[in-house]
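Contents: one structure, followed by commentary.
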Amino acid sequence: MNIVVAMKQIPDLQQVRIRNRQPVFEDVPYTLGNIDKNALEAGVALKEALDAKLIVVSAGNEELEDTIKEALAAGADEAYLVIDDSLDNIASDTSATLIAAAIKKIDDVGIILFGEGSGDNYSGQVASRVAEILELPEVGYAKEIELNGQSLRVTRSLEESEELVEVELPTVITVVSEINEARIPAVTQILKAGKKPKEVVSPHELEIAIGSVQVTTLSNLAPETDRKQIVVKSVDELVKALTTEGLIGR
Amino acid sequence: MSELMGLKAKLGLDVFKHDKEAHIKIKPGMEKDPRLKRAVWVCPAGLYSENDQGEVELTIDGCLECGTCRIACGIEVLEWNYPNGGCGVQFRFG
Amino acid sequence: MEKDFDAIVVGGGLAGLAAAYTIADAGLEVLLLERGDYSGAKNVTGGRLYLNPVREMFPDLWEKAPLERFIAHEELSIMDKERSITVRYDGAELVQAPYQSYSILRGKFDRWFAKQAEKKGVAIVNKNRVDDLIIENGKVEGVRAGGEDLTAHVVVACDGVLSLLAEKAGLRKPGVPQDHAVGFKEIIELDRTTIEDRFNLEGDEGAARLFMGEVTRGKFGGGFLYTNKESVSLGIVVGIKDLMEEPMVQAPDLLDAFKLRPEIARLIKGGETSEYSAHVIPEGGYNSLSKLYGSGILLAGDAAGFSMNIGVTVRGMEYALASGYYAAQAVIKAKEADNFESETLAVYEKLLNESFVMTDFKNFKDAPRVMENPRFFQHYPQLAGNVMKDLYEVPAGSKARIYPTVKKYLTFGEMWAMFKDFRGVKKI
Chain X
652 MNIVVAMKQI
662 PDLQQVRIRN
672 RQPVFEDVPY
682 TLGNIDKNAL
692 EAGVALKEAL
702 DAKLIVVSAG
712 NEELEDTIKE
722 ALAAGADEAY
732 LVIDDSLDNI
742 ASDTSATLIA
752 AAIKKIDDVG
762 IILFGEGSGD
772 NYSGQVASRV
782 AEILELPEVG
792 YAKEIELNGQ
802 SLRVTRSLEE
812 SEELVEVELP
822 TVITVVSEIN
832 EARIPAVTQI
842 LKAGKKPKEV
852 VSPHELEIAI
862 GSVQVTTLSN
872 LAPETDRKQI
882 VVKSVDELVK
892 ALTTEGLIGR
Chain D
148 MSELMGLKAK
158 LGLDVFKHDK
168 EAHIKIKPGM
178 EKDPRLKRAV
188 WVCPAGLYSE
198 NDQGEVELTI
208 DGCLECGTCR
218 IACGIEVLEW
228 NYPNGGCGVQ
238 FRFG
Chain E
449 MEKDFDAIVV
459 GGGLAGLAAA
469 YTIADAGLEV
479 LLLERGDYSG
489 AKNVTGGRLY
499 LNPVREMFPD
509 LWEKAPLERF
519 IAHEELSIMD
529 KERSITVRYD
539 GAELVQAPYQ
549 SYSILRGKFD
559 RWFAKQAEKK
569 GVAIVNKNRV
579 DDLIIENGKV
589 EGVRAGGEDL
599 TAHVVVACDG
609 VLSLLAEKAG
619 LRKPGVPQDH
629 AVGFKEIIEL
639 DRTTIEDRFN
649 LEGDEGAARL
659 FMGEVTRGKF
669 GGGFLYTNKE
679 SVSLGIVVGI
689 KDLMEEPMVQ
699 APDLLDAFKL
709 RPEIARLIKG
719 GETSEYSAHV
729 IPEGGYNSLS
739 KLYGSGILLA
749 GDAAGFSMNI
759 GVTVRGMEYA
769 LASGYYAAQA
779 VIKAKEADNF
789 ESETLAVYEK
799 LLNESFVMTD
809 FKNFKDAPRV
819 MENPRFFQHY
829 PQLAGNVMKD
839 LYEVPAGSKA
849 RIYPTVKKYL
859 TFGEMWAMFK
869 DFRGVKKI
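Protein chains in written order, with this note's numbering: chain X, 652 to 901; chain D, 148 to 241; chain E, 449 to 876.
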């Protein structure tokens with residue numbers, strides 16, 4: 652069986668700075684999303700239990716071949732990459748079409764793992780769209796995945812409760828960060844990563860045309876909050892004011 | 148630039164990646180050592196300060212890993228290492 | 449014995465990259481370990497690289513290198529509290545290609561250099577700190593990083609000014625204040641055209657400015673300003689020993705005061721600071737260089753102490769590049785001889801001795817002691833400022849004659865002290 656982990660190349664957000672109220676992406680190194688790394692780690696655990704092959708699938712610009720080494724170092728056996736410089740800032744639907752088309756090229760796929768949302772936009776759409784295109788079930792918010800014969804028992808982390816579900820393979824699963832702690836690969840694993848097999852295709856080879864982006868970000872700012880301008884003279888007054896605002900003593 | 152930027156704000160411009168442990172530590176019992184007090188003056192990030200009891204305290208967040216404290220105070224009073232790989236300050240310009 | 453690599457280079461700064469690049473170019477297996485997210489992430493420069501001494505060592509490198517501006521104008525300012533004297537130098541040779549020096553940002557340059565090294569075949573692993581050396585029977589056999597042992601015939605330690613590895617190898621002791629300075633600087637972003645207008649530059653021309661005197665409150669050191677393409681590097685270098693002595697001043701305050709000087713404030717007005725960085729600089733000169741090699745180990749760059757302050761120029765990066773290059777030559781020769789003991793690696797020191805590196809270090813070996821004289825940083829800037837003030841001043845009444853004005857300052861005692869001070873300078 653093959654296990655697929657879909658991962659997204661994103662700019663290292665800590666390296667993005669703001670100049671003239673706009674983010675500066677120039678020279679910002681690429682990395683893989685943190686939750687994507689949790690998905691990969693979950694894939695490594697399943698791969699070992701199932702004696703399967705772990706294949707990382709990703710779409711992105713030319714830097715991807717380099718960025719993906721991190722996934723190969725951290726336990727993926729192979730990479731299947733859709734690379735084209737037009738693949739910067741593509742919308743979730745295009746991403747999903749590309750990822751699904753790539754997965755179709757891989758035989759005997761039993762489990763497809765995603766992070767719950769990407770590290771940059773966190774639209775949380777791609778996995779569901781891929782499941783829809785591939786006509787597979789999807790289990791979201793996975794915080795624990797347990798092998799149960801030919802099916803998986805997945806604990807879903809919902810806000811106020813946990814749900815235990817059982818799903819037949821093949822299936823799509825999206826994981827939350829609490830599922831595991833992603834490993835930091837050792838030097839020798841990083842060195843070996845460069846030698847692992849990589850298949851690189853263009854969107855054209857997958858017969859997918861990249862349309863123009865239909866969602867445009869108009870502004871991306873922290874919500875503006877007005878100060879309450881309440882002056883207090885004593886601790887009691889402060890406590891009272893905070894209670895009135897419903898901030899304490901709930 | 149007519150207004151000066153505080154040191155904290157300046158350090159806030161830099162990229163810092165969190166490390167799971169402090170890479171520089173004041174050796175136990177050395178908090179009042181005169182050699183350590185030099186750090187209060189020499190640290191370009193102003194991370195060392197002296198409290199009311201005359202003890203030197205170190206806040207590691209914002210460390211530029213320049214090495215001045217190790218040179219000025221010495222390794223008898225400081226346990227000094229670099230942060231773990233991929234942690235600590237990451238200069239964009241340098 | 450089988451080894452994972454011919455050489456492991458520790459540290460992806462200029463010395464390490466130069467070494468790895470050259471070793472790989474000769475077809476040897478080399479691993480470079482860098483603790484930052486990328487090469488350059490932990491490196492700081494004042495801002496200027498002199499190319500002439502190292503141009504031929506890396507002939508393919510410079511054409512496309514992301515350097516900032518070639519330095520076309522040099523200025524030196526002597527600062528007193530409320531006045532300063534500036535000498536500007538323009539020379540035909542400064543504006544003729546190939547240019548002798550460039551302003552540079554290490555975050556950009558080192559990252560690019562690392563890419564070129566990878567193309568030569570260097571295996572580069574970032575985000576990995578080397579924790580220890582593997583030493584067996586007195587010979588360095590490799591390094592320990594992230595809990596793993598990685599073996600090599602030779603380790604080239606380019607781990608910077610503090611070189612914890614050189615200490616572990618017993619090649620040096622922890623650094624002392626009198627042999628080190630600390631530099632700290634801001635990158636202040638300004639539009640290209642603003643920079644060109646304010647500094648009187650055309651195209652890719654750049655300006656280099658050094659400041660001494662009040663800028664360090666008379667302590668050993670100075671201020672610097674280099675123009676980059678779209679920013680200026682503005683900072684201070686000050687001796688650590690002096691920083692530890694009276695008059696006490698907090699290091700970062702020096703830079704703030706420097707920025708408020710009217711001479712500087714107008715140059716950076718409207719600029720936006722985008723980074724604050726600092727680093728220790730080795731300044732002990734020839735007499736405080738480390739032992740340069742041991743069995744299975746070589747030191748290059750700041751790790752060996754290769755940086756020099758002779759007042760008007762502070763240089764380290766050319767020495768880093770060159771020492772990395774010569775360390776690589778030593779590794780290549782040791783590989784040919786299949787012997788990595790210190791007798792074979794001694795060729796490193798021989799190569800350095802025959803090069804500009806050691807020639808410079810020997811020629812300027814007295815510079816640190818001469819430059820230590822506090823009168824250069826306090827007394828003379830004040831004296832020069834006062835003479836200029838009186839020369840240029842036109843008071844309400846009659847102006848004093850020039851000769852007595854100058855003579856008022858240059859008493860016999862002053863002249864004798866000056867003679868003694870500048871006799872020292874002859875050694876530089």
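C-beta atoms are modelled at their ideal positions from N, C-alpha and C, and glycine is treated no differently.
If I measure Cβ to Cβ from residue i and keep anything under 8 Å in the same chain, skipping five residues before and after, which residues do I get?
| i | result |
| --- | --- |
| residue 197 of chain D | 184, 187, 203 and 204 |
| residue 472 of chain E | 478, 565, 568, 569 and 570 |
| residue 148 of chain D | Residue placement at residue 148 of chain D is poorly supported in this model, since its pLDDT is 44, which falls under 50; the coordinates still yield a value, given next. Hits under 8 Å: none found. |
| residue 853 of chain E | 835, 838 and 839 |
| residue 731 of chain E | 627, 628, 629, 687, 755, 756, 757 and 816 |
How about residue i and residue j: do their beta carbons lie closer than 9 Å?
| i | j | result |
| --- | --- | --- |
| residue 749 of chain X | residue 733 of chain X | yes |
| residue 451 of chain E | residue 590 of chain E | yes |
| residue 704 of chain X | residue 653 of chain X | yes |
| residue 772 of chain E | residue 729 of chain E | no |
| residue 224 of chain D | residue 666 of chain X | no |
| residue 558 of chain E | residue 460 of chain E | yes |
| residue 234 of chain D | residue 172 of chain D | no |
| residue 536 of chain E | residue 653 of chain E | no |
| residue 798 of chain X | residue 683 of chain X | no |
| residue 876 of chain E | residue 805 of chain E | no |
| residue 488 of chain E | residue 685 of chain E | no |
| residue 777 of chain X | residue 696 of chain X | no |
| residue 742 of chain X | residue 857 of chain X | no |
| residue 674 of chain E | residue 699 of chain E | no |
| residue 690 of chain X | residue 764 of chain X | yes |
With DSSP collapsed to three states, give me the class of residue i.
| i | result |
| --- | --- |
| residue 434 of chain E | With chain E covering 449 to 876 only, the question about residue 434 of chain E has no answer from this structure. |
| residue 830 of chain E | helix |
| residue 882 of chain X | coil |
| residue 579 of chain E | strand |
| residue 470 of chain E | helix |
| residue 148 of chain D | Low local confidence applies: a pLDDT of 44 at residue 148 of chain D is under 50, so the model's placement there is unreliable, with the coordinate-based value given in what follows. Residue state, collapsed to three classes: coil. |
| residue 558 of chain E | helix |
| residue 454 of chain E | strand |
| residue 726 of chain X | coil |
| residue 811 of chain E | helix |
| residue 660 of chain E | strand |
| residue 227 of chain D | strand |
| residue 739 of chain X | coil |
| residue 806 of chain E | helix |
| residue 518 of chain E | strand |
Roughly how far, in whole angstroms, is the beta-carbon of residue i from the beta-carbon of residue j, given that I think they are within contact range, below 8 Å?
| i | j | result |
| --- | --- | --- |
| residue 685 of chain X | residue 808 of chain X | That pair is no contact at about 16 Å. |
| residue 211 of chain D | residue 189 of chain D | The Cβ separation is near 12 Å, so there is no contact. |
| residue 837 of chain X | residue 596 of chain E | 5 Å |
| residue 678 of chain E | residue 645 of chain E | Contact flag wrong, Cβ pair sits at about 13 Å. |
| residue 742 of chain E | residue 588 of chain E | 7 Å |
In chain order, what residues of the same chain lie with their CB nearer than 6 Å to the CB of residue i, ignoring the 5 residues before and after it?
| i | result |
| --- | --- |
| residue 634 of chain E | 682, 721 and 724 |
| residue 833 of chain E | 528 and 531 |
Note down, in chain order, each residue of its chain lying with its Cβ closer than 7 Å to the Cβ of residue i, except the 5 sequence neighbours on either side.
| i | result |
| --- | --- |
| residue 902 of chain X | Summary: the structure shown does not reach residue 902 of chain X, with chain X confined to residues 652 through 901, and so no result is reported for it. |
| residue 816 of chain X | 790, 805 and 807 |
| residue 502 of chain E | 766, 769 and 770 |
| residue 498 of chain E | 548, 549, 763 and 766 |
| residue 713 of chain X | 734 and 736 |
Compile a chain-ordered list of the residues in the segment 529 to 561 of chain E whose CB is closer than 9 Å to at least one CB of chain X. Residues passing the 9 Å Cβ filter: 555, 556 and 559.
What residues in the segment 799 to 829 of chain X bring their beta carbon closer than 7 Å to a beta carbon of chain E? When CB distances to chain E are screened at a threshold of 7 Å, not a single residue of the segment 799 to 829 of chain X falls below it.
Short-range partners of chain E found in the segment 229 to 241 of chain D, where Cβ spacing is below 8 Å: For chain E, the residues of the segment 229 to 241 of chain D that bring a beta carbon within less than 8 Å of one of its beta carbons are 229, 230, 231, 232, 233, 235, 236, 237, 238, 239, 240 and 241, in chain order.
Closer than 9 Å, Cβ to any Cβ of chain E: which residues of the segment 187 to 206 of chain D, in chain order? Going along the segment 187 to 206 of chain D in chain order, one finds 187, 188, 189, 190, 191, 192 and 193 with a Cβ nearer than 9 Å to chain E.
What are the residues in the segment 676 to 694 of chain X lying within 8 Å of chain D by C-beta distance? Sequence-ordered contacts of the segment 676 to 694 of chain X with chain D read 678 [C-beta pairs closer than 8 Å].
In the segment 584 to 597 of chain E, which residues sit with their C-beta less than 8 Å from some C-beta in chain X, listed in chain order? Hits within the stretch, in order: 593, 594, 595 and 596.
Output needed in chain order: residues of the segment 719 to 741 of chain E with a Cβ under 8 Å from some Cβ in chain X. Listed by position along the chain: 720 and 722.
Taking beta-carbon pairs under 8 Å, can you tell me which members of the segment 828 to 850 of chain X lie near chain E? Those would be 835, 837, 838, 839, 841, 842 and 845, in chain order.
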